[in-house]
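Protein chains in written order, with the working numbering: chain A, 3 to 77; chain B, 2 to 255. Taking it in order: structure first as structure tokens, then the write-up.
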Amino acid sequence: MNNDTALLMEYLPFLLPLIILQLGLAIFSAIHVIRHPHYRFGNQVMWLLIVLLIQFIGPLIYFVFGRGDDNSRAN
Amino acid sequence: MNQWFGFLKKEWFESVKTYKLLLVIVIFSILGILNPFTAKITPTLFEQFMPEGTFVNLPEPTALDSWLQFYKNVPQMGLIVFILLFSTMMSKELEKGTLVILLTKGLHRSTVITAKFFMALCYWTLAIALSFTITYAYTAYYWDQSQLQHLLFAVSCLYVFGILLLAVTLWGNTLFATPYGGTLVTLLVVIAFFIAAIFPKSASWNPLELLTATTQLLTGELTPSDLWIPYIITLFAAILVVLLTMTHFKRKLL
């Protein structure tokens with residue numbers, strides 16, 4: 003156990019920014035998915051799963067291809 | 002010139018509002034941190050997950066391992082991410098027809114192409130600079146990089162190859178006016194480069210050589226003078242493709 007903690011401490015300078023960036027992006031995109039329920043295709047559950055489960059490619063695909071326009075709600 | 006800067010400003014605001022700036026900064030920081038991390042953790046992972054009693058003699062990771070990860074991750078993941086991000090730069094406006102208003106008001110068609118390309122170029126510069134600086138900082142902190150050679154030239158090879166792919170994406174996007182057209186054309190061009198790379202003679206001109214030769218550049222097996230032909234060819238091809246896109250767009254019906 004002690005060995006594990008030492009190992010964790012050794013890699014903390016890498017892990018900390020990585021976790022903050024990845025989690026931050028995932029949470030930011032998830033909030034965006036929930037607050038803007040208009041997508042070019044797919045539904046909310048699908049986009050939530052994509053955004054939360056696929057690391058950094060998921061949010062990218064959502065923002066580039068999935069995000070609907072706020073001003074074109076008629077269609 | 003005033004028109005050009007005006008359109009550039011519009012492009013900048015658009016890219017910020019469509020979260021492109023955010024995505025580029027976050028994803029390329031992640032890529033930058035991942036390289037030294039993978040290099041450093043691989044031997045430890047082997048030790049932890051090997052069955053008891055197996056003895057694997059892995060050498061200590063060096064600065065070269067970290068940079069090898071950089072030249073594996075950024076050309077693959079980084080370029081894919083970047084091409085996907087900018088694969089809709091023309092098609093979005095062509096689909097919505099928002100360009101028609103600006104063009105009938107007297108905006109030059111060449112302005113549209115050059116400003117869009119310049120904006121994508123700025124983003125590519127930012128992305129490469131970001132992941133390069135982060136990897137450099139971590140590598141310099143953990144290892145000694147004095148024996149590595151041509152570090153900046155190697156990254157400029159990657160940068161120039163990215164410029165060519167950007168130009169090709171813009172052209173494909175203008176040609177097909179769908180988000181998938183640009184990505185598809187880029188994919189086909191990369192496949193063509195790979196097919197050409199099967200023939201050993203193509204190494205003297207193939208732009209793909211800029212990506213594959215980076216490892217030998219770092220270890221000093223190749224010098225920048227060995228690569229100047231693909232380097233120049235790639236730059237000229239990029240400029241040519243942008244010019245082609247401009248002439249093509251001038252004749253395109255909106």
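Cβ atoms here follow ideal geometry from the backbone N, Cα and C, with glycine treated the same way.
Flagged as an interface residue toward chain A: residue 27 of chain B, by a C-beta distance shorter than 8 Å. In the three-state reduction of the DSSP assignment, residue 20 of chain B falls in the coil class.
In terms of beta-carbon proximity, residue 31 of chain B lines the interface with chain A, with at least one pair separated by less than 8 Å. Proximity of chain B to residue 13 of chain A at the Cβ level (cut-off 8 Å) is accounted for by 38, 41 and 42, in chain order. Taking a Cβ-Cβ threshold of 7 Å, the residues of chain B close to residue 19 of chain A are 34, in chain order. In the DSSP assignment, residue 170 of chain B falls within the unbroken alpha helix (DSSP H) covering 152-177.
Straight through space, the alpha carbons of residue 13 of chain A and residue 27 of chain B are spaced by roughly 20 Å. DSSP places residue 42 of chain A outside both helix and strand once states are collapsed to three, so it counts as coil. Within its own chain, the residues whose Cβ lies closer than 7 Å to the Cβ of residue 63 of chain B, once the five positions on either side in sequence are excluded, are 144, listed in chain order. Between the beta-carbon of residue 125 of chain B and that of residue 163 of chain B there is about 5 Å, and that keeps the pair under the 8 Å contact cut.
Cβ contact annotation for residue 174 of chain B (same chain, cutoff 7 Å, sequence separation greater than five): 88, 90, 91, 92, 182 and 183, in chain order. Counting of Cβ neighbours within 10 angstroms places residue 193 of chain B among the exposed residues, the total staying below 16. Around the CB of residue 70 of chain B, 16 or more other CB atoms lie within 10 Å, so the residue is classed as buried. Chain-ordered, the chain A residues with CB closer than 7 Å to the CB of residue 20 of chain B read 65. Apart from sequence neighbours up to five positions away, the residues of its chain that approach residue 117 of chain B with a beta-carbon distance below 8 Å are 12, 90, 91 and 171, ordered along the chain.
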